[in-house]
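A.B. asks: Residue numbers (my numbering), protein chains in the order written: chain F, -10 to 482; chain E, 532 to 1317. We treat Cβ as the ideally placed atom computed from N, Cα and C, and that holds for glycine. In this text the structure is predicted, and so the values were computed from the model without any measurement.
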Ligand SMILES: Cc1cc2nc3c(=O)[nH]c(=O)nc-3n(C[C@H](O)[C@H](O)[C@H](O)COP(=O)(O)OP(=O)(O)OC[C@H]3O[C@@H](n4cnc5c(N)ncnc54)[C@H](O)[C@@H]3O)c2cc1C
Ligand code: FES
Ligand code: FES
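Here it is as structure tokens:
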């Protein structure tokens, strides 16, 4: 047992004993350390002004990822190197990314700038990134700038981020690695008392026991939801249990039949494996939140929060994923769609937590498609998200699994459309209409600030039509404004 | 007021003016060392303020306000209500209708009723939620249509009228009419509203405020505290963005911080949470525009009638000037022989809409572009042809408000150059070919002009002051009334002053805008910051310089022509001195080395009452050509390529100007595409966070983005180094994106005018797509009404 949170900052190991259950990293930096370079623009993970880099050991290397410090709990930085904008200058000399931003006029009001600098810093240290505007805009999607129009920032990143890292962090990488290794231990962290604590169990058993004892505690994975309860709803969460150090809960394993994803595997960690199932999943994952959100947010959290507009559940449901749950004395598996009972209600008992899920790989005779519709392409929540898995036999749909987000109080399958499509002939669009019409009966969506009910319904139909068109051989380039399946006419046999 | 063009050969010798110097704070921005108000070291004992409001109510009498639980919350020091105010409970710019704290009635969703002062911000925010508030609800007036039906306005109607639009309309060969909705826009300055007030001796108050208008902060705080203006000092070193949102709307937060400081005698800081900021502060005005246009079969406009129904919100704020500017720009760049341009300033039970880059102009111009597109589509002509046909020219050059467009040649030349450099006609063919081949995806192309009037239309605001000191070591202190919000004003003015003294930039110390240094200033707005303040600063510097020259002439018995300032040196004949040496000598000789410079824009004669005279010193011009692709199944859209050519006269700093152009364009693109403000049926703003209100991200900016400064012969008006203002005009370059989307929709049924509203979200695009698909085919040769 450990009653401290330890991390590396500015070359020194910091050990804190006073960590409040809901204290954010940003408040720690700005209010306690009085390091005001890191800014608060929104307090909800959307603007990136508060971005800091967290360095962690991954496969024996120090990997820097950007996170939104406004919605990271302070305790979540245990074992990491925290890099903020104050740490980049060496002897008054600007870091190459800072230098490029000055030279190329990448700041105007400057308020967003430290956040951009830190995201760029992580790109500077990322290996194997293709030097392209696409790479840069993807890395910067979580940093909003209201002044510049981004062009000079993108240029500064292109100029400075793609050469081999040659800064103080690269020079002392070996040292950093040793320090981080020493900070990693398998002790449970527990700071506080029985009524109020921040805890971070190191094993699944430890988690099960603690959560069994405190079923009223709040489980925290990436805090990309929980963080907002703190900063926006001003919730008092006296007991927080961070899952990030639970050994084995973050696994991503590809097997011949599918992928095992641990509950705390982040979006970022599961992205490559999911992308190998389908380019649409790669693109869906890429469009979830931003680099910052994907570095923190977990699949387990995206499912456990039960949101009707979570992006992964419809895709995972269409693929037929199974969810694993565990508690102090039990574990069980259920079809993912059965987990979502109603708006705000999931099939999860007190003391029970998600350990992971299994995502079956589609067969050769199956076509998978998914589409996310939102007002803005990057870092936006779906108004409608549709996922489709068609099993094709002799040019006919033998079976269909279709799920939507944004169309009901939960991510939900379109059973009527699925049934209506059985027997539809891919080459004969007139045979699709039974299924297309049936879809109308599957949902009664709501109107909100993201879209009206009518738009949702008609878009759901449009997405089904697109999936059918593509399954029957239409080149995605002809029907997608953002075509990310270049040249892939993967029409099923 | 216009002088002969200064030919390039007559360009004055400059060392820093016209150079691509970085922003004055660039190195500090990237290092995180630029100090914003929340970064200022807090005096010991600083208290924090959070606003209290009725989260469930939109409009109605306050029946019950129980603050006991708020007061009892741990850490709470004081709870302020309207009764705490010793002065006047008003923080409006002019009209006296913006209570700092609501007293007996809630006027809109988000109105502040009380303020909690606590030891920490967290405690203040949590305590604010403990209030019990009951409001007797009345049905609120939310939309422009509601307000029209109720016939309720914040300010009287106003109109421009020229000729007889009625006769013109009847005489016109063809007539078209339509209704268009143009959405508002949230500023989303990255640094939210913030102020910190520190009590001083004798009841005085020092206020740090993130404001574009320190003088108004000073006056408002004095009024609310009930003390003379002279007891209050307002200061701002930099804002993390303003865009108009901190012109009048910073007043309330500064007032509350000062009020809390007055009541508690402690320093007090108020930083709004982002959601509160978005809910409580005003936005760009949204409009319902009803238009009718008469034209001939060649596409020439004969008569125009437009009603601009602007939603102002619960109070007048700056709506007078804003709605006027909508009218001033309802012509875009086109000559309207007969015109009636009417404006109603509608009162709704929503936050009070306010200044936003363009100040009403963009909405007026967008309406004009819609009319042009309608003419072109209904005649089967290319919209660019119709645009050019209706441009102001040598004969047809009088605006509907009577000011001549003298620089029409710049407009023609600029558009001609852009037409060529963007390869408009070849791309028009390519777009047509693409659309013929593609059933689902459709491309659109549009090239639109910008002509933006520069000057405050409230005449008295066209003045500025600066304070320059030369110290005895030769270093220079520079201060002026303009504020820095990212636009590079401080650096441009410093460049001018450095060149005036012939010193390097490091010798000029830029200092925070402060009402005790330069008083009675105008807001930094209307794009005029540099025009005004650089002139005032140059006047101050050149006055000090003349005194030094007079002193040196006397000292050395030479003429002024023997004296030369440059390279941090002063040459007197063949002798060379450092500026410091000269300053020391001058000081010993008791020469005053400080001067308050002043500037007032000449030639502005606008008289609103009679709607005559000249409102603008000059116009800034630009043009943009945008190409988009839409998905007619989902309404998704990408901007594929944008070419921009923009006129900044002779640029003071091309890099900074380019930044304003690109940034303005992208901000305008957001306004017209992804940025949608949604109020629910109860009148509550639903899009009050960046999770639901979507400003552009890096990937929304087209990969193919070609932005150039127009090779100007210099501003014909005698501005500072013949430059032109650049803050607002580029925003309207984004009209080309909207028109291109409209063009793509129009391709679905030639001859039918699409009913696309702004912003063109995927849903708005789909709605226009459905409508055009359902519309009967245009009968050839007959006018079509949209
Ligand atoms: C800026 C921003 C952008 C976003 N964009 C998207 C987007 O594009 N698409 C999208 O789908 N979502 C988006 N989200 C939402 C968010 O990222 C996801 O919902 C996320 O997956 C939550 O995961 P987390 O690990 O951060 O969960 P947390 O916030 O840590 O937890 C979320 C909930 O799940 C519970 N929980 C977490 N792990 C477990 C577990 N193992 N067992 C039981 N309960 C658990 C928590 O107690 C909590 O109730 C965005 C969020 C932000 C802030
Ligand atoms: S402050 Fe906006 S993301 Fe953290
Ligand atoms: S420089 Fe102002 S927000 Fe980016």
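With 7 Å as the threshold, decide whether the Cβ of residue 1183(E) is near any Cβ in chain F.
C.D. replies: Chain F contact via Cβ: absent.
A.B. asks: Residues of the segment 699 to 724 of chain E with a CB closer than 9 Å to any CB of chain F: list them in chain order, please.
C.D. replies: So the close ones are 718, 719, 720, 721, 722 and 723.
A.B. asks: Do residue 996(E) and residue 1034(E) have their C-beta atoms closer together than 7 Å?
C.D. replies: Going by C-beta atoms, residue 996(E) is not nearer than 7 Å to residue 1034(E).
A.B. asks: Given residue 773(E), which residues of its chain have a CB within under 7 Å of its CB, disregarding the five upstream and five downstream residues?
C.D. replies: 720, 743 and 1016, listed in sequence order.
A.B. asks: What residues of chain E sit near residue 100(F), judged by a beta carbon separation below 7 Å?
C.D. replies: Going along chain E in sequence order, the residues near residue 100(F) (Cβ under 7 Å) are 567, 721, 722, 771 and 772.
A.B. asks: Could you work out which residues of chain E lie near residue 359(F), taking near to mean beta carbons separated by less than 9 Å?
C.D. replies: The premise fails here: residue 359(F) is roughly 13 Å from chain E at the closest Cβ pair, so nothing lies under 9 Å.
A.B. asks: Please list, in chain order, the chain F residues whose beta carbon lies closer than 9 Å to that of residue 777(E).
C.D. replies: Within 9 Å Cβ-Cβ: nothing; residue 777(E) doesn't reach chain F, min ~11 Å.
A.B. asks: For the segment 1116 to 1126 of chain E and the segment 979 to 995 of chain E, state whether three or more C-beta atom pairs, one from each stretch, are separated by less than 8 Å.
C.D. replies: Cβ pair count under 8 Å is below three, so no.
A.B. asks: State the DSSP-derived secondary structure class of residue 1147(E), mapped to helix, strand or coil.
C.D. replies: Correct three-state label for residue 1147(E): coil.
A.B. asks: Would you say residue 721(E) touches ligand 4, meaning its beta carbon is less than 6 Å from a heavy atom?
C.D. replies: For the structure depicted, ligand 4 is absent and the ligand set comprises only ligand 1, ligand 2 and ligand 3.
A.B. asks: Taking a Cβ distance cut-off of 9 Å, strictly less, list which residues of the segment 131 to 143 of chain F are near chain E, in chain order.
C.D. replies: Taking 9 Å as the Cβ-Cβ cut-off against chain E, the residues of the segment 131 to 143 of chain F that qualify are 131, 132, 133, 134, 135, 136, 137, 138, 139, 140, 141, 142 and 143.
A.B. asks: Is the beta carbon of residue 364(F) sitting closer than 7 Å to the one on residue 1205(E)?
C.D. replies: Yes, Cβ-Cβ distance for residue 364(F) and residue 1205(E) is below 7 Å.
A.B. asks: Counting only the same chain and skipping the five closest in sequence on each side, list residues whose C-beta sits under 6 Å from that of residue 325(F).
C.D. replies: So the qualifying residues of the chain are 305, 306, 310 and 312.
A.B. asks: Any heavy atom of ligand 3 inside 6 Å of the beta-carbon of residue 695(E)?
C.D. replies: Result no, Cβ not under 6 Å from ligand 3.
A.B. asks: Can you name the residues that DSSP bridges to residue 181(F)?
C.D. replies: DSSP lists 186(F) as partners of residue 181(F).
A.B. asks: Does DSSP put residue 344(F) in a helix, a strand or coil?
C.D. replies: Three-state result, residue 344(F): strand.
A.B. asks: Determine whether the beta carbon atoms of residue 865(E) and residue 921(E) lie at a separation below 7 Å.
C.D. replies: Taking 7 Å as the Cβ cut-off, residue 865(E) and residue 921(E) qualify as a contacting pair.
A.B. asks: If residue 6(F) sits next to residue -8(F), beta carbons under 8 Å apart, how far is it from one beta carbon to the other, in whole angstroms?
C.D. replies: Right, their Cβ atoms sit about 6 Å apart.
A.B. asks: Using a Cβ-Cβ cutoff of 7 Å, what residues of the segment 345 to 378 of chain F are near chain E? List them in chain order.
C.D. replies: Flagged, chain order: 362, 364, 365, 366, 367, 368, 369 and 370.
A.B. asks: Compute the distance between the beta-carbons of residue 724(E) and residue 629(E), then report whether it is under 7 Å.
C.D. replies: No, Cβ-Cβ distance for residue 724(E) and residue 629(E) is not below 7 Å.
A.B. asks: So with Cβ pairs under 7 Å, would you call residue 481(F) a contact of chain E?
C.D. replies: In this prediction, residue 481(F) scores a pLDDT of 46, lower than 50, which makes its location untrustworthy; the coordinate-derived value is nonetheless stated afterwards. Chain E, which has no Cβ nearer than 7 Å to the Cβ of residue 481(F), makes this no.
A.B. asks: Measure the beta-carbon distance from residue 100(F) to residue 1231(E) and round it to whole angstroms, keeping in mind my assumption that it falls under 8 Å.
C.D. replies: 20 Å between Cβ atoms; not a contact.
A.B. asks: Under 7 Å between the Cβ atoms of residue 1364(E) and residue 678(E)?
C.D. replies: Any question about residue 1364(E) goes unanswered here, given that chain E covers just 532 to 1317.
A.B. asks: Just by C-beta distance, which residues in the segment 793 to 823 of chain E are closer than 7 Å to chain F?
C.D. replies: Within the segment 793 to 823 of chain E, the qualifying residues are 804, 805 and 806.
A.B. asks: Helix or strand or just coil, what does DSSP make of residue 1294(E)?
C.D. replies: Of the three classes helix, strand and coil, the one that applies to residue 1294(E) here is helix, per DSSP.
A.B. asks: Could you please tell me which residues of the segment 76 to 91 of chain F, in chain order, have their CB closer than 7 Å to any CB of chain E?
C.D. replies: Flagged, chain order: 78, 83, 87, 90 and 91.
A.B. asks: For chain F, is any of its Cβ atoms less than 7 Å away from the one on residue 1234(E)?
C.D. replies: With 7 Å as the cut-off, residue 1234(E) counts as an interface residue toward chain F.
A.B. asks: At the 7 Å Cβ level, is residue 9(F) part of the contact set with chain E, yes or no?
C.D. replies: So no, residue 9(F) is outside the interface.
A.B. asks: Report yes or no: do three or more beta-carbon pairs, one from the segment 132 to 145 of chain F and one from the segment 593 to 603 of chain E, lie closer than 8 Å?
C.D. replies: In short, these stretches do not touch, since the Cβ pair count stays below three.
A.B. asks: When you compare the CB positions of residue 712(E) and residue 1288(E), do they come within less than 7 Å of one another, or not?
C.D. replies: For residue 712(E) and residue 1288(E), yes; Cβs fall inside 7 Å.
A.B. asks: For the beta strand (DSSP E) holding residue -5(F), just list the boundary residues, first then last.
C.D. replies: Its beta strand (DSSP E) spans residues -6 to -2.
A.B. asks: Looking at the C-beta of residue 1225(E), does it have a partner C-beta in chain F at a distance below 7 Å?
C.D. replies: Chain F, which has a Cβ nearer than 7 Å to the Cβ of residue 1225(E), makes this yes.
A.B. asks: Is residue 1304(E) helix, strand or coil by DSSP?
C.D. replies: It is helical.
A.B. asks: Could you check whether the Cβ of residue 563(E) sits closer than 7 Å to any Cβ belonging to chain F?
C.D. replies: Answer yes: the Cβ-Cβ gap between residue 563(E) and chain F drops below 7 Å somewhere.
A.B. asks: Whole angstroms are fine: how far does the CA of residue 1093(E) sit from the CA of residue 539(E)?
C.D. replies: Note that residue 539(E) scores a pLDDT of 41, beneath 50, so its modelled location is shaky; the value from the coordinates is reported in the next line. If I take the Cα positions, the gap works out to 26 Å.
A.B. asks: Would you mind sorting residue 938(E) into buried or exposed? The rule is 16 or more other CB atoms within 10 Å of its CB.
C.D. replies: Label assigned to residue 938(E): buried.
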